[in-house]
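Q: Position one of the sequence shown corresponds to residue 608 (this note's numbering), numbered consecutively onward.
Beta carbons are placed, not taken as given, at the ideal position from N, Cα and C, and that holds for glycine.
Handing you a structure now.
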Amino acid sequence: MITRPIILTAEKLFNTTPIERSEEEQAAIDEQTRSMAMYEFQACPYCVKTRRALKRLNLKIECRDALNNQEYKQELTTKGGKFQVPCLRINDKDQDIWMYESSDIIKYLDQRFGSAVS
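Okay, structure coming up:
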């Protein structure tokens with residue numbers, strides 16, 4: 608597909624500058640994001656949008672390729688309830704929350720982590 612290389616090239620060309628935090632703030636945020644995972648497809652425009660937000664917010668959330676990894680695809684489908692990306696899985700107090708829609712994911716991440724900037 609022709610759009611795949613275009614999407615991936617554009618993602619690299621239009622680089623996002625991560626926000627800066629103190630080491631302590633970043634360590635606290637890294638600890639919070641250990642319980643999260645982003646299910647995605649590499650060349651999905653909505654997934655690119657969420658990856659740019661992750662980079663901008665300087666979040667170390669594991670990105671899982673749900674297209675090429677059968678284990679992640681199955682997790683997304685059986686535990687998340689549908690095969691749709693992007694999807695942010697948030698483990699909160701031993702309960703998984705599956706958040707779909709790039710705009711909702713970005714809004715959640717901005718509200719939770721965007722204000723921690725020094």
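Give the straight-line distance between the Cα atoms of N692 and E630, rounded to the nearest whole angstrom.
A: The sequence shown places Val at residue 692, not Asn. Straight-line Cα distance between these residues: approximately 32 Å.
Q: By DSSP, does E578 sit in helix, in strand, or in coil?
A: Residue 578 lies beyond the residue range present for the chain, which begins at 608 and ends at 725; the question has no answer from this structure.
Q: Within a Cβ cutoff of 8 Å, which residues of the same chain sit near D672, ignoring the five residues on either side of it in sequence?
A: Excluding positions up to five away in sequence, the list reads E647, F648, Q649 and Y679.
Q: Alpha carbon to alpha carbon, how far is T684 from R658?
A: Each residue's alpha carbon lies about 21 Å from the other.
Q: Got a sec? Which residues, its chain only, sit under 7 Å from K667 by beta carbon, not counting five neighbours each side?
A: D637 and T640, listed in sequence order.
Q: My output table needs one value for V724: the three-state DSSP class, helix, strand or coil.
A: Low confidence applies to V724: its pLDDT is 44, below 50, so where it sits in the model is not reliable, and the reading given next is rough at best. Coil at V724, not helix or strand.
Q: Between which two residues does the beta strand (DSSP E) harbouring L664 extend?
A: No beta strand (DSSP E) holds L664; DSSP gives it neither H nor E.
Q: Can you list, in chain order, the residues of its chain whose CB lies under 6 Å from that of L695, leaving out five sequence neighbours each side?
A: M645, M706 and I712.
Q: Do S710 and C654 come within 9 Å of each other at the CB atom, strictly closer than that value?
A: No, Cβ-Cβ distance for C654 and S710 is not below 9 Å.
Q: So, for G721: in the same chain, excluding its five sequence neighbours on each side, which residues have a beta-carbon less than 7 Å away from its beta-carbon?
A: Closer than 7 Å at the Cβ level, and outside the excluded window around G721, lie L664.
Q: Am I right that N676 and S642 are in contact with their C-beta atoms under 8 Å? What's the rounded C-beta distance?
A: That belief does not hold up - the Cβ atoms of N676 and S642 are roughly 20 Å apart, past 8 Å.
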